[in-house]
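Residue numbers (this note's numbering), protein chains in the order written: chain Y, 1 to 225; chain X, 1 to 225; chain A, 1 to 225; chain G, 1 to 225. Backbone N, C-alpha and C define an ideal beta-carbon position, used for all residues, glycine too. Here the structure is a predicted model, which is why all the values come from computation and not from measurement. Take a look at the structure set out below.
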DNA sequence: TATGAATGAGATTTCATTCAT
DNA sequence: GATGAATGAAATCTCATTCAT
């Protein structure tokens, strides 16, 4: 699992010699993740985390610099995965395959991200919550979108446009629509996991279909006055 | 203005004799709104609100039951507007006009909601933040979607489907896609007001076009294996 | 009393409108001073201070930024008095009088500082303790010796040397000896107030006599091999 | 070496079989001494000591009963040396030599103590700091002045007075002036080792000269009204 | 009505010390 | 003997709320 590797890389300082997350750290992170997802970061106390993790309060601070350090340890690995992977997929789909079609690209993207969301519901709930709460975390999330990645994304979109596969709108708008559609799915998944009656395959089909049709070049533009 | 009426209804007890919001209350609400939008409810202290409003801390508690009461006074009016209006629009667009087309409906909806978002950026930022942070506020938002409104929405969508104007997907999925697209716009608008380079008219055009194309009935379905 | 004025000037921010230290602040400072003098800053808890002052713990932080802010409020006024006053005395004694003698100067200086120590035993105990404990407070004390004051002191000493009233040693050494003699008195006074059997007048006489004889120009130098 | 013997006596239990201080103990003491001199006992944590010493935190407690035990191990040897030696010197100077002069006595005393201070700067800084901070350590230091030693000192001073070599003041005052002058030197040496521009020989000369002149019998007393 | 000093429960964090390995 | 993860008591500080003026 790439996420676990990422955590290891990021928190090497506080990990055991062999580069493993310790049992205690796992228990703390698991307890905190569950609580942060249930309530919110601010509403969860360190005492509560320690209790749920079955360790002493001091142990939290032996293993993480801060209460905030625990939050970071939960968010960082996901944040370092979500966007890079997204754009990687995008890259692969277009460069590798013979079929340089919007179809292929979008299906690949949606499939991947939907699977990702399903695997990481709790962490994503925490990240979502922080994203909307805190200018700094928001900046951190946006900071993941490095200029290189953006440039890469632009290249891909420009190619698809040239190939007549993508509607000729500003790239930023296209990205926004892409994110919106995936994000909307994510939000429902994360906040109301129980409501979800459609299976994954079907969901991927709808989202992809919606995006492909929404972003294909137009035969005749809509008129708004 | 429905907002003012709502606040009045909610805080009738503490309003001036003439049933108006007092100057002091206005200053407190304005200060709190600005601060809650900048940071988050939890990160803003009552001291800070009082300072920004230019009143004493105690004055907050003469005018509102609670710190939470201030938040409520900010959220309530918007929450009682946003969804009802949305569905109203939907209703009007379809029932009133001769042109019972997806075009007409979506353009009307998008135009209205985009204008609404532009007028209420700060309040929406607060609501967004609370929505993702606080189970109860989330429930409150979702509670606005009363069964009747949902039923109404379903009627509209079914009609459009029958008229061959709307793709034949589950209504919940269609609603999700609608919300996603509008919500994505909202999020960008609200969190990154400075980034926005497209003017409103153009934005409405793109969003509408995207939705119409994405939700029109298919000639040939996309194949996913 | 110039000390009280100084406190007011320095802590104007946290004082009442009329520039007075409030009753509460007085009680907190008195309690803290007594405790810091008894034990040491580190060994005294905020709970303890609050209890002794008869206020709630939170009240401390309502009136002072910090636990350290309380310490500052105790130390600063003394620190802003002790050295300036010392050198002022020195200045007046030499410049004003006709008798520009070492006698006059030293008697004035010793008299003044001994009286000062007697009035401010507790505060001086706290400052002494901090001076030896903490690089920063030490720097703060030394920071009081502004270049101008030092220059002034040098002028005075040079004049006395020229007048054949002062031994021709490096000024720094002379200052050190002056401080040592006064400081030694201070330490005994502050740490063992009960031991003191000599009255103030007598003490001034001994210290002055010792200094005058020790710092008068030599007839025949001592030989050390 | 009397210091090592003292540590051995005090920590006999935790010493190696051969009664020697172990390498580990040396490293811990060295690290702690440096840190206590830099900051203060209270401000230095056991973690910090362990880090600087290059051992585990637990190791501290295998070698010393306490954090306080480390401090004791640093202070005890000096404390058992400083006063006894001082008074020993005093004794020798007067009893042994033919020249029972104040000169001889003071030069011997100053020379010895200045050399001592130069050798033990760091430890003395720690002791100074503790002396002013901690009632118990202060008592311990003063406890070193046993009645016998005091009696001995009084004998010496009385002899010098009888010989017309020492001013006829109360012995306690004379002792205080002696301590002040040496202490003032010590403080400067210990707190501002870098400021010191005079060499040791010169310093001894000044201090001795100052003391001899200050404490010689007067021809005509100073008049203070 | 408005004030702002006072409150005290509760939050996070530190740190000397223990103990299983 | 050495380790270092775990401990938990205690310390400092925050903050919504109350209440006398």
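Taking the continuous alpha helix (DSSP H) assigned at residue i, which residues delimit it?
i	result
residue 101 of chain Y	Looking at the DSSP string, residue 101 of chain Y is not in any alpha helix (DSSP H), and its letter there is neither H nor E.
residue 40 of chain X	Looking at the DSSP string, residue 40 of chain X is not in any alpha helix (DSSP H), and its letter there is neither H nor E.
residue 216 of chain Y	No alpha helix (DSSP H) contains residue 216 of chain Y, which DSSP labels as neither H nor E.
residue 154 of chain G	147 to 162
residue 59 of chain A	57 to 63
residue 133 of chain G	121 to 133
What I want to know is whether the C-beta of residue i ends up closer than 7 Å to one or more non-hydrogen atoms of the ligand GDP.
i	result
residue 188 of chain Y	The ligand GDP is not part of the structure shown, which contains no ligands of any sort.
Could you tell me whether the Cβ atoms of residue i and residue j are closer together than 8 Å?
i	j	result
residue 106 of chain A	residue 180 of chain A	no
residue 74 of chain G	residue 32 of chain G	yes
residue 28 of chain G	residue 82 of chain G	no
residue 109 of chain Y	residue 166 of chain Y	no
residue 63 of chain G	residue 101 of chain G	no
residue 201 of chain G	residue 121 of chain G	no
residue 37 of chain Y	residue 126 of chain Y	yes
residue 187 of chain A	residue 114 of chain A	no
residue 133 of chain Y	residue 129 of chain X	yes
residue 35 of chain G	residue 47 of chain G	no
residue 217 of chain G	residue 164 of chain G	yes
residue 85 of chain X	residue 131 of chain X	no
Quick one: using the 10 Å Cβ neighbour count with 16 as the cut-off for buried, is residue i buried or exposed?
i	result
residue 139 of chain X	exposed
residue 41 of chain G	buried
residue 185 of chain G	buried
residue 210 of chain A	buried
residue 7 of chain Y	In this prediction, residue 7 of chain Y has a pLDDT of 40, which is less than 50 and means its spatial position is unreliable; what the coordinates show is noted afterwards. Classification of residue 7 of chain Y: buried, given that the 10 Å Cβ count is 16 or more.
residue 194 of chain A	exposed
residue 111 of chain X	buried
residue 65 of chain X	exposed
residue 213 of chain Y	buried
residue 153 of chain G	buried
residue 88 of chain X	exposed
residue 157 of chain X	buried
residue 173 of chain A	buried
residue 151 of chain X	exposed
residue 192 of chain X	exposed
residue 20 of chain G	exposed
residue 250 of chain G	Because chain G in this structure spans residues 1 to 225, residue 250 of chain G falls outside the shown range and cannot be described.
residue 123 of chain A	buried
residue 137 of chain Y	buried
residue 168 of chain A	exposed
residue 199 of chain A	exposed
Going along the chain, which residues of the segment 122 to 149 of chain Y sit with their C-beta nearer than 9 Å to a C-beta in chain X? 125, 128, 129, 130, 131, 132, 133, 134, 135, 138, 142
Members of the segment 15 to 41 of chain G that neighbour chain A once the beta carbon cut-off is set at 9 Å: 38, 39, 40, 41
Only counting runs of 3 or more residues, tell me where the beta strand (DSSP E) segments fall wholly within the segment 172 to 212 of chain G, in order along the chain. none
Going along the chain, which residues of the segment 40 to 54 of chain Y sit with their C-beta nearer than 9 Å to a C-beta in chain X? 40, 41, 42, 43
To be precise: take each residue of the segment 206 to 220 of chain X, compare its Cβ to all Cβ atoms of chain Y, and keep it if any distance is under 9 Å. Which residues remain? 206, 207, 208, 209, 210, 211, 212, 213, 214, 215, 216, 218
Name, going along the chain, the residues of the segment 99 to 114 of chain Y whose beta-carbon falls closer than 7 Å to a beta-carbon of chain X. 103, 107
Using a Cβ-Cβ cutoff of 8 Å, what residues of the segment 61 to 81 of chain Y are near chain X? List them in chain order. none
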